[in-house]
Amino acid sequence: MVSVSEVDLSVDVGGLHLRRPTLMASGCYGSGEEFALLAEPAGIGAIVLKSLTKEPRVGNPMPRLVHTPSGMLNAIGLANPGVDWYLEHEAVKLSSLPYAIVGSVAGFSVDEYRYVCERLAERSEIAAIELNVSCPNVASEGETFACDPELTARVVRAARATTRKPLIVKLSPNVTDITEVARGAEAAGADALAIVNTVRGMAIDVETWRPRLGNGAGGLSGPAIRPIAVLAVYEVARAVRVPIVGQGGIETLFDALEFFLAGASAIAIGTANFGDPRVPERIVTGLAEYLAERGLNSMSEIVGKAQPSRAERTWGATG
Ligand SMILES: Cc1cc2nc3c(=O)[nH]c(=O)nc-3n(C[C@H](O)[C@H](O)[C@H](O)COP(=O)(O)O)c2cc1C
375 MVSVSEVDLS VDVGGLHLRR PTLMASGCYG SGEEFALLAE PAGIGAIVLK
425 SLTKEPRVGN PMPRLVHTPS GMLNAIGLAN PGVDWYLEHE AVKLSSLPYA
475 IVGSVAGFSV DEYRYVCERL AERSEIAAIE LNVSCPNVAS EGETFACDPE
525 LTARVVRAAR ATTRKPLIVK LSPNVTDITE VARGAEAAGA DALAIVNTVR
575 GMAIDVETWR PRLGNGAGGL SGPAIRPIAV LAVYEVARAV RVPIVGQGGI
625 ETLFDALEFF LAGASAIAIG TANFGDPRVP ERIVTGLAEY LAERGLNSMS
675 EIVGKAQPSR AERTWGATG
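Be aware that the sequence shown starts at 375, since it is given in this note's numbering, and climbs by one per residue.
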């Protein structure tokens, strides 16, 4: 028998060592202070900061959030104070936090990614860097970096040249074959992959006959996207060797377990925190119990265990 206290939940995400396999997803947790009175740090392995760009951004017109029956549509538009302002005024508070901080980088050109990475890499408060490549590239008619393996690889190479900190590349599910982009990111120097960002979507107001988001289209998150995200993790885990941070609609222990079993070494929790900031804590407690009940004492005993052996693989049509 294994007791709960003997279970080791620590994981290594491409050189980022975490006591617990739970990250708070970018844009959904600030740097933690808003949640400090509502949740225990015991649920948190790391916080991924809101994505930062080179220049300050006011973001998209309101409304920026729309609830849907099983998720949330958002079009925040990367509102942020810009990396220089953030580091000067906000970063100092990060050093006193009891968990790891991951900086998140967004950009509209390869040079912008390089600049923001360089700035974040200088700071000891930042343990790792996540590249949010779900942004349009102004140099190629607004094509999203994450939708093109070569564009993604260019961003990763530029970022890699700025830092030896663990580099996590966050991929978009809005592609035909996510494994192709994943391989490109790995070959360009990613230490880990975050899978997945939001799924593109829209809601329409039937009174005004206009899209309900100020921006028109947005990104869908929450339970609606979980099966999409689980499949993406499952497929990418077979295509690359680097660890995966699985995310998309995780609300409960069982949701989290799906991602671990599919091949994620860690998970990120986003939208669920808005409704219930104690979700991460419950997942961490439940995970230790789940492992102990089965006589298991480390995360490596469940990661990827839903993957079939070669002989078992059957890929048929789906409808
Ligand atoms: C309001 C909101 C803001 C977000 N902002 C960012 C962001 O700045 N950078 C980023 O990489 N992802 C951002 N995301 C995506 C989340 O980090 C997460 O990958 C996605 O929502 C899927 O996880 P979830 O279903 O648990 O929310 C945002 C999501 C939401 C709901």
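From the three backbone atoms N, C-alpha and C, an ideal C-beta is built for every residue, glycine too.
- As the crow flies, the alpha-carbon of G456 is around 32 Å from that of T550.
- For G596, the shortest separation between its Cβ and any heavy atom of ligand 1 lies below 7 Å.
- For D386, the enclosing beta strand (DSSP E) covers residues V385 to V387.
- Counting the other Cβ atoms within 10 Å of the Cβ of V677 gives 16 or more, which makes it buried.
- M436 sits exposed, since fewer than 16 C-beta atoms from the chains shown fall within 10 Å of its C-beta.
- For A566, the CB contacts under 6 Å within the same chain, skipping 5 residues up- and downstream, are V387, G388, I542, V616 and P617 in chain order.
- The three-state secondary structure of D565, taken from DSSP, is coil.
- Not one heavy atom of ligand 1 lies closer than 7 Å to the C-beta of C491.
- With a minimum length of 3 residues, the unbroken runs of beta strand (DSSP E) contained wholly in the segment 613-672 fall at 618-621 and 640-643.
- Taking the Cβ atoms as the reference, A598 lies roughly 7 Å from T442, within the contact range of under 8 Å.
- DSSP, reduced to helix, strand and coil, places K544 within a strand of the structure shown.
- Shortest Cα-Cα distance from N548 to any of T537, R600, P523 and R574 involves R574.
- A residue is called buried once 16 or more other Cβ atoms fall within 10 Å of its Cβ, and E632 is buried on that count.
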